[in-house]
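If you're matching positions, the sequence shown starts at 748 in our numbering and goes up one per residue.
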Amino acid sequence: MTSSPTDLTAVQAAAAGTGDTDQAPAADQAAGALRAGAGGTWQALRRDTGAMLGLGYIALITLVAIFAPVLTAISGWTPYEFDQSAIDPDLGGIPIGPWGGMGAEHWLGVEPGNGRDIFARIVYGARVSMGIALSATALTTVLGVSLGLVAGYFGGRVDLVVSRVMDFLMAFPALIFMIAVLSALPASNRSALLVVVISVFGWPYLARIVRGQTMSLAQREFVEAARAAGASGTRIVFREILPNLRSTIIVMATLAVPGYIGTEAGLSFLGVGVVPPAPSWGQMIAASVKWYAVDPAYFLVPGLFLFLLVLSFTVLGDRLRAVVDAQEGR
């Protein structure tokens, strides 16, 4: 999946018009090798049942999140509507019917005490969980890769400053500090605040890996050739070294998503994440604790959705890492 330095240099030389006629076929072969590597990774994943099941569930939840308004229009309930007829006031608001009131009217039942439709809150909660996790992963990846590349290639004072910042952030008990920070911040724009806070504590882990690999790649022949050709440091970092790190970046980003999904759910569970009445899976699990004995379905439904999503991303990331390691070990 990762291109060899010589192939990458040949492709770039041909694209820039600096290669001679003998280099053109080599550039075509290198481009073909890049496409073959990506195709080989996909073919290997297609043969892996666990990876395909995980990818299928991720795709399902993604579609559910995108089409949440359509799905709730079909079901007939929004995540904020109360259906007092679906709960029994004489029994403290317990849903009427088996399994938390599941049926044709409410597909996954209703919340005890208020009668809000669980299906509607699940699909809108998927928007919150996936949106925060993917946004935090994107921001973390940009910060981690950029700072790791700069620190690893330029070294010296730049590396010293970036490394000390990484050590400082990694020394904190991140979850405790996130709780303290979010508790002190206003409740408005909480999703955006969650993305920023998670990313601030998440980027050093990727940056440290990128920094180490950049330091190794900076000593390779293709980087020395680029320096001799007069390429600037920025060009070498982002045009020569970065493409050879894409496998690591993709795998690390895939494995980061389930962690951020769990972090958002945990913070919402503790009451410092998504603010009610906005739906969140972690918030639903927290609210279900006091109802678990009389309405276990209220806990099991969001818990199962959350568990399967985290498991799917974890399995997909592990299988992707195994495939990439196998290809790079050839």
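All C-beta atoms, glycine included, are put in the ideal place defined by N, C-alpha and C.
Beta-carbon gap between residue i and residue j smaller than 8 Å
i, j, result
"Leu1063", "Ala898", "no"
"Trp824", "Ala867", "yes"
"Phe1046", "Ile1032", "yes"
"Ala1025", "Val811", "no"
"Leu818", "Val870", "yes"
"Leu907", "Val984", "no"
"Ile988", "Tyr900", "yes"
"Ile843", "Asp1042", "no"
"Ala883", "Ile808", "no"
"Met849", "Ala1034", "no"
"Leu929", "Leu1014", "yes"
"Met999", "Leu953", "yes"
"Ile1008", "Leu1056", "yes"
"Gly959", "Thr887", "no"
"Ile834", "Gly860", "yes"
"Val957", "Val909", "no"
"Leu855", "Val1048", "yes"
"Ile926", "Leu1017", "yes"
"Pro1005", "Thr1061", "yes"
Residue range of the unbroken alpha helix (DSSP H) whose run includes residue i
i, result
"Met799", "Thr796 to Ile813"
"Ala1016", "A quick correction: the sequence has Phe, not Ala, at residue 1016. Arg993 to Phe1016 is the extent of the alpha helix (DSSP H) around Phe1016."
"Ile865", "Ile865 to Phe901"
"Gly1029", "Trp1028 to Ser1035"
Beta-ladder partner(s) of residue i, from DSSP
i, result
"Val857", "Asp864"
"Arg835", "Checking the sequence, you will find Asp at residue 835 rather than Arg. Answer is Ile841."
Nearest-angstrom Cα separation, counted from residue j out to residue i
i, j, result
"Ala934", "Pro816", "24 Å"
"Phe919", "Pro951", "12 Å"
"Leu1051", "Arg904", "48 Å"
"Arg974", "Pro826", "58 Å"
"Ala791", "Val1070", "7 Å"
"Tyr804", "Ser1059", "7 Å"
"Leu940", "Tyr1039", "31 Å"
"Arg782", "Thr788", "For Arg782, the predicted model reports a pLDDT of 49, less than 50, meaning its position is unreliable and no value from the coordinates is stated."
"Asp864", "Ile945", "30 Å"
"Arg937", "Gly1020", "7 Å"
"Ser1027", "Thr1010", "12 Å"
"Val912", "Leu894", "11 Å"
"Leu992", "Ala976", "22 Å"
"Asp1065", "Leu1002", "7 Å"
"Ala851", "Pro845", "12 Å"
"Gly902", "Thr796", "43 Å"
"Thr995", "Glu828", "45 Å"
"Gly847", "Gly878", "28 Å"
"Gly1029", "Gln966", "46 Å"
"Gln1074", "Asp830", "55 Å"
"Arg986", "Val942", "29 Å"
"Ala921", "Ala1012", "15 Å"
"Arg794", "Ala806", "18 Å"
"Gly914", "Gly862", "Residue 914 is actually Asp in this sequence, not Gly. Roughly 48 Å separates the two Cα atoms."
"Ser979", "Phe969", "14 Å"
"Gly779", "Asp1072", "Reliability fails at Gly779, whose pLDDT of 48 lies under 50, so the model's placement of it is uncertain and the value that follows must be treated cautiously. Whole-angstrom Cα-Cα distance: 20 Å."
"Gly801", "Pro836", "41 Å"
"Thr981", "His853", "57 Å"
"Met962", "Phe814", "44 Å"
Check your understanding: Of all the alpha helix (DSSP H) runs that stay within the bounds of the segment 902-976, which reach a length of 4 or more residues?
Key -> For secondary structure counted as the alpha helix (DSSP H) over 4 or more consecutive residues, the segment 902-976 holds these complete runs in sequence order: 903-918, 921-931, 937-964 and 968-975.
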